[in-house]
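In our numbering, the protein residues as written are 627 to 946.
Let me begin by presenting the structure, written as structure tokens, before commenting on it.
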Amino acid sequence: MTASFTRRTTAAHSRLAAVGAIAVAGALLLTGCGDQTKSKSSDSGSSASTGGAPLSAKLPADIRNKGEIKVGSDIAYAPVEFKDSSGNVTGLDPDLAAAMGKQLGVKLTFENGTFDGLLTGLRSGRYDIAMSAMTDNKNRQQGVDPDTGKKVGEGVDFVDYLTAGVSIYTRKGDTQGINGWADLCGKKIAVERGTVSEDLAKQEAKKCPGGKKLTIEPFDDDQQSQTRLRSGGVDAASSDFPVAAYAVKTSGGGKDFQIVGQQVEAAPYGIAVSKEATQLRDALQAAMNAIIKSGEYQKILAKWGAQDGAVKESVLNGGK
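Quick look at the structure:
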């Protein structure tokens, strides 16, 4: 869901440049998203009470009094955010959110939605923020449709917290001669709708010569893309590197997929916040920097194999 971890686009997702191997502890069940179900996981929702939270005063009074920040997220993007075998929301983003919640004295509650609808949900007030391996880029900041170049919304601000990139993967032992984006002409690729992967595929399709069309099959979530590839319906799939690496490691016990070529489009992941919510934005940045300074951030990244994407400081709108 990265500028292609890897990332997603304006509407897109970038889910890490040069990320380490994904840590896996036990068998995890990956499930689809779109049900708007709230997280019941203590890891992804609980936090210290306001009284013991050093940064609670930085929050807007209404959120501080409510004691909750509603987080829009596409919870089918392991290991960044997904549901475990008990149905609880887990992953890198929920763990970071829980740590930030302790600093702020509020609960960050994850609510499930399709990736390409998260910014719309943020604009409508369904969510207070969106945290979903979302790539911070200028199109999203400015509310510009990457396909048409036209402004379609007011845009959002980003609190950056990680660096990530995009990968292609195929069925194991059946690469179809694919070793990068330039090899996709005449092939079929599955992508998650609204992501940087989809943007890159569209850009590549324009370069293909006549008679060698690149067929793009977009899906609502990454699990559907994986299922399509596994069944042989497409030649390749693309997602952020950590997600692709996790799928390669876990699907079929590591026998289903393999990554081909190198990551591309390394860029920051950011927490999306309405441009009007400057106090909330700044409070989130302060909380992220507090856990970076304390070392808790680095421990969480190491838990999920994402330490190579670590940043030394959270910045605002660092995407290009």
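Even glycine gets a Cβ: it sits at the ideal position worked out from N, Cα and C.
So, using beta-carbon positions, are residue i and residue j closer together than 7 Å?
{"i": "A898", "j": "F784", "result": "yes"}
{"i": "P705", "j": "Y872", "result": "yes"}
{"i": "K692", "j": "Y753", "result": "no"}
{"i": "A724", "j": "Y895", "result": "no"}
{"i": "D786", "j": "G944", "result": "yes"}
{"i": "V874", "j": "F867", "result": "no"}
{"i": "D861", "j": "Q802", "result": "yes"}
{"i": "L855", "j": "C811", "result": "no"}
{"i": "A932", "j": "K684", "result": "no"}
{"i": "G731", "j": "A679", "result": "yes"}
{"i": "L788", "j": "W930", "result": "no"}
{"i": "Y703", "j": "D848", "result": "yes"}
{"i": "A816", "j": "E843", "result": "yes"}
Can you look up residue i in the DSSP assignment and give me helix, strand or coil?
{"i": "R797", "result": "strand"}
{"i": "T853", "result": "helix"}
{"i": "L685", "result": "coil"}
{"i": "K938", "result": "coil"}
{"i": "G902", "result": "The amino acid occupying residue 902 in the given sequence is Glu; Gly does not appear at that position. If DSSP states are grouped into helix, strand and coil, E902 belongs with coil."}
{"i": "E694", "result": "strand"}
{"i": "D908", "result": "helix"}
{"i": "E891", "result": "strand"}
{"i": "G678", "result": "helix"}
{"i": "K777", "result": "strand"}
{"i": "I926", "result": "helix"}
{"i": "I917", "result": "helix"}
Can you tell me which of the options puts its alpha carbon nearest to the alpha carbon of residue i?
{"i": "E707", "options": "D934, L927, G945", "result": "L927"}
{"i": "V747", "options": "R856, A790, D700", "result": "At residue 747 the sequence reads Gly, which differs from the Val that was named. Among R856, A790, D700, the Cα nearest to that of G747 belongs to D700."}
{"i": "A764", "options": "S758, G781, G739, V874", "result": "Residue identity differs from the one stated: residue 764 is Lys in this sequence, not Ala. Taking only the C-alpha atoms, the option nearest K764 is G781."}
{"i": "G778", "options": "R766, T789, L910", "result": "Residue 778 is actually Val in this sequence, not Gly. With distances taken between Cα atoms, V778 lies closest to R766."}
{"i": "L745", "options": "I755, L906, D719", "result": "I755"}
{"i": "P835", "options": "G878, D809, Q849", "result": "D809"}
{"i": "L948", "options": "S750, S865, R749, T716", "result": "No statement about residue 948 is possible, as the shown extent of the chain runs from 627 to 946 and does not include it."}
{"i": "E830", "options": "G858, K798, S864, T904", "result": "S864"}
{"i": "Q729", "options": "K838, R690, S877, R749", "result": "R690"}
{"i": "G713", "options": "E694, V770, N738", "result": "N738"}
{"i": "D773", "options": "R819, N805, S750", "result": "R819"}
{"i": "Q889", "options": "G858, L826, I918", "result": "L826"}
{"i": "S750", "options": "E902, K919, S920, V937", "result": "E902"}
State the Cα-Cα distance for the pair residue i and residue j, rounded to the nearest angstrom.
{"i": "T796", "j": "T821", "result": "18 Å"}
{"i": "T914", "j": "D762", "result": "The amino acid occupying residue 914 in the given sequence is Met; Thr does not appear at that position. Their backbone Cα atoms lie some 16 Å apart in a straight line."}
{"i": "D846", "j": "K813", "result": "21 Å"}
{"i": "G698", "j": "S682", "result": "21 Å"}
{"i": "S793", "j": "E824", "result": "12 Å"}
{"i": "S851", "j": "D934", "result": "26 Å"}
{"i": "D721", "j": "K828", "result": "33 Å"}
{"i": "L942", "j": "G791", "result": "19 Å"}
{"i": "S900", "j": "K881", "result": "42 Å"}
{"i": "T904", "j": "G743", "result": "22 Å"}
{"i": "A916", "j": "M726", "result": "8 Å"}
{"i": "A909", "j": "A892", "result": "26 Å"}
{"i": "G940", "j": "G775", "result": "The amino acid occupying residue 940 in the given sequence is Ser; Gly does not appear at that position. Spanning the two alpha carbons is a distance of roughly 28 Å."}
{"i": "K833", "j": "K798", "result": "27 Å"}
{"i": "K709", "j": "S920", "result": "27 Å"}
7 Å is my cut-off, CB to CB: does residue i come that close to chain B?
{"i": "G887", "result": "The chain inventory of the structure shown lacks chain B, comprising one protein chain alone."}
Next item on the list: Pick out the complete alpha helix (DSSP H) segments inside the region 707 to 775, 4 residues or longer, and give them in chain order.
Entry: 718 to 730, 744 to 750, 764 to 768
Check: Whole beta strand (DSSP E) runs in the region 809 to 889 with 3 or more residues, listed along the chain?
Finding: 814 to 818, 841 to 845, 862 to 866
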